[in-house]
Each structure stands twice: as structure tokens, then as C-alpha cells.
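Here the sequence shown stands for residues 216 to 427, where the numbers follow my numbering. No residue lacks a Cβ here, since even glycine has one placed at the ideal position from N, Cα and C.
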Amino acid sequence: MDTKEVGDHLVALKVMRLTKPALISPTIVTCDFKDLPGNILNNYLKDDATSVVQMETLAAGQFLLLPQSFGNIYLGETFSCYVCVHNETTQAVQSVSIKADLQTNSQRIPLSTQQNQSPVMLDVDETLSDVIHHEVKDLGTHILVCEVTYMSNYNTLASFRKFFKFEVMKPLDVKTKIYNAESDEVFLEAQVQNITSGPIILEQVSLEGSHQ
């Protein structure tokens with residue numbers, strides 16, 4: 216996710232979630248050479264930089280696509296994000312600092328490692344960046360709050376904040392059923408369902424009974 220300031224700020228803020236990139240594939244549009252377009256569409260597909268040579272019609276990609284949005288985040292995942300402040304002016308900017316917090320339904324969590332460091336000077340085209348990691352432990356709406364502070368041309372502190380909202384969802388659904396047998400034995404059936412948009416590898420499934 217890329218955010219640039221539209222006001223009179225001297226620096227620009229860019230934020231991108233760090234996730235596993237996906238392969239980008241070309242748009243497959245072909246036709247028989249006897250049709251009206253002839254080989255125009257086929258040649259266009261062969262010239263597409265994202266297509267694989269000799270396998271253009273398989274929709275197989277060879278280039279990685281960086282995340283275009285925050286996407287889905289599931290409970291227990293580690294939220295990783297790249298935060299960058301860029302000086303796009305023609306002069307040095309003094310006392311630049313970044314602060315990042317994660318607002319949940321119940322608490323506000325400081326994330327940025329730059330918060331305990333002294334402000335820095337950004338020369339022309341220089342950047343101040345930070346990579347943050349946090350294991351999400353709450354469901355529901357989360358808001359990443361990024362605040363940038365710097366010294367303005369009037370020798371006063373200026374700041375702005377940006378908000379990035381995303382949802383933390385439940386990855387698994389567990390249902391249980393209890394059966395009472397005539398022999399006074401109790402049988403427990405547990406159903407674990409993957410409710411995410413992709414496959415999940417279960418490394419361990421355990422059942423812990425209460426000590427009563």
C-alpha cells in the first residue's frame with residue numbers, strides 16, 4: 216500500500232505489508248490464425264513480458280507481484296509491515312521520526328522500533344524506514360496508525376498521521392459432538408475446518424482433558 220501526501224508536507228509516507236509475493240500471469244486472449252485478427256493476438260501474447268516462453272497460453276507467470284493491499288490476516292499470523300518516509304523536496308529535512316501503533320478493539324500497541332531513537336536528518340531523496348512485526352492475537356478490526364514528525368521550514372515541529380485498517384479473521388472452525396454410549400463411555404468427535412482462502416498445514420492437533 217503506497218500513500219503519498221497531498222498537502223504541503225516536506226516528506227511522503229509509504230506503507231507496504233510484507234507478505235509472500237504471488238506470480239503475475241498474462242491475460243490470455245488468443246484466436247485461430249484463420250480468424251479476422253490473424254496472429255495479432257498470439258504475437259501480442261508472445262511479446263508479453265509476464266508470459267513464459269513456449270508456454271504462453273498456460274497462464275503461468277515468471278514475475279513476482281508485490282502486495283497491492285493489506286489483504287486478509289488470520290489470527291495467530293505475524294503481521295509484518297514496511298514503513299518508509301521519503302524526502303522528495305530539494306532541501307534537507309530536519310528532525311524526522313516515525314511512530315507506528317496498532318489499535319485493536321481493546322488496546323493500543325506500540326510497534327515501531329524507531330520510537331526510542333533520536334530524530335534524524337533526511338537529505339534530498341533520502342529515506343527513513345522501519346520494518347515492524349507483530350503476532351496478532353485478537354479478532355476483528357485493527358488499525359495501523361503511522362505518525363511522522365519533522366521540522367518544518369518555519370522551524371516548528373510538523374506532523375501528520377495515516378491510518379490503515381484491516382480485519383483479523385479466524386482461520387479455523389472447530390466443532391465438537393459428544394456421544395454417550397450405553398456402556399457409560401463418552402466419545403468426543405472434533406471437526407476442524409479450514410475457513411481461509413488457501414491451504415493450511417496442521418503441524419499438531421492435540422486434545423487436553425480437564426483434571427477433575
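Inset, instruction - Would you mind stating whether Thr356 and Lys380 have Cβ atoms separated by less than 8 angstroms? - result: Taking the sequence shown and counting its residues from 1, one reaches residue 356 at position 141. Taking the sequence shown and counting its residues from 1, one reaches residue 380 at position 165. Yes, they are a contact pair.
Legend entry - Start and end residues, beta strand (DSSP E) containing Ala405: Reading the sequence shown from its first residue, position 190 is the one you call residue 405. 401-409 is the extent of the beta strand (DSSP E) around Ala405.
Legend entry - Beta-carbon contacts of Glu362 that lie in its chain and below 7 angstroms, excluding the five residues immediately before and after: Residue mapping note: residue 362 aligns to position 147 of the sequence shown, counting from 1. Same-chain partners within the cutoff: Lys314, Ser374, Arg376.
Inset, instruction - Using only alpha-carbon positions, find the residue among Thr319, Asn370, Thr293, Asp338 that is nearest to His301. - result: In the sequence shown, the residue the question calls residue 301 occupies position 86. Ranked by how close their Cα comes to the Cα of His301, the residues Thr319, Asn370, Thr293, Asp338 have Asp338 in first place.
Inset, instruction - Give every residue of the same chain whose Cβ lies closer than 6 angstroms to the Cβ of Leu279, excluding the five residues on either side of it in the sequence, and list them in chain order. - result: In the sequence shown, counting from the first residue as 1, residue 279 sits at position 64. The beta carbon of Leu279 lies closer than 6 angstroms to those of Pro236 in the same chain, with the five residues before and after it left out.
Inset, instruction - Decide yes or no for the touch test of the region 287-302 against the region 342-361: beta carbon pairs closer than 8 angstroms, at least 3 of them. - result: With the rule of 3 Cβ pairs closer than 8 angstroms, the region 287-302 counts as touching the region 342-361.
Legend entry - CA-to-CA distance, Ile416 to Ala227, given in whole angstroms: Your numbering for residue 227 matches position 12 in the sequence shown. Your numbering for residue 416 matches position 201 in the sequence shown. Rounded to whole angstroms, Ala227 and Ile416 show a C-alpha spacing of 40 angstroms.
Inset, instruction - Can you have a look at Leu372 and say buried or exposed, based on whether 16 or more other CB atoms are within 10 angstroms of its CB? - result: For this step, residue 372 is matched to residue 157 along the sequence shown. Sixteen is the threshold: since fewer than 16 other Cβ atoms of the shown chains lie within 10 Å of the Cβ of Leu372, the residue is exposed.
Inset, instruction - Give every residue of the same chain whose Cβ lies closer than 6 angstroms to the Cβ of Asp388, excluding the five residues on either side of it in the sequence, and list them in chain order. - result: Here residue 388 is taken as the residue at index 173 of the sequence shown, counted from 1. Gln408, Ile410.
Legend entry - Spatial neighbours of Gln332 in its chain, beta-carbon cut-off 8 angstroms, leaving aside the 5 residues before and after: Residue 332 sits at position 117 when you count from the first residue of the sequence shown. Result list for Gln332: Ser312, in chain order.
Inset, instruction - Leaving out five residues on either side along the sequence, give the residues of the same chain with a beta carbon under 8 angstroms from the beta carbon of Val308. - result: Residue numbering aside, residue 308 sits at position 93 when the sequence shown is read from its first letter. Correct list, in chain order: Leu225, Val226, Asn302, Met336, Leu337, Tyr365, Met366.
Legend entry - According to DSSP, residues forming a beta bridge with Ala227: In the sequence shown, the residue the question calls residue 227 occupies position 12. For Ala227, which the question treats as bridged, DSSP gives the partners His301.
Inset, instruction - Return the chain-ordered ranges of every beta strand (DSSP E) run that is complete within the region 339-365 and spans a minimum of 3 residues. - result: Runs of the beta strand (DSSP E) spanning 3 or more residues and lying entirely within the region 339-365 occur at 342-350, in chain order.
Inset, instruction - Give every residue of the same chain whose Cβ lies closer than 6 angstroms to the Cβ of Gln406, excluding the five residues on either side of it in the sequence, and list them in chain order. - result: Taking the first residue of the sequence shown as position 1, residue 406 is located at position 191. The beta carbon of Gln406 sits closer than 6 angstroms to those of Lys390, all from its chain and outside the five residues before and after it, given in chain order.
Inset, instruction - Apply the 10 Å Cβ neighbour rule to Lys219 and answer buried if 16 or more other Cβ atoms are within range, or exposed otherwise. - result: Within the sequence shown, the letter at position 4 stands for residue 219. Residue confidence is low: Lys219 scores 42 on pLDDT, short of 50, so the model does not pin down where it sits. No coordinate-derived value is stated.
Legend entry - Cβ neighbours of Ile324 in the same chain (closer than 6 angstroms, five flanking residues each side left out): The residue you call residue 324 lines up with position 109 of the sequence shown. The answer, listed in chain order, is Leu317.
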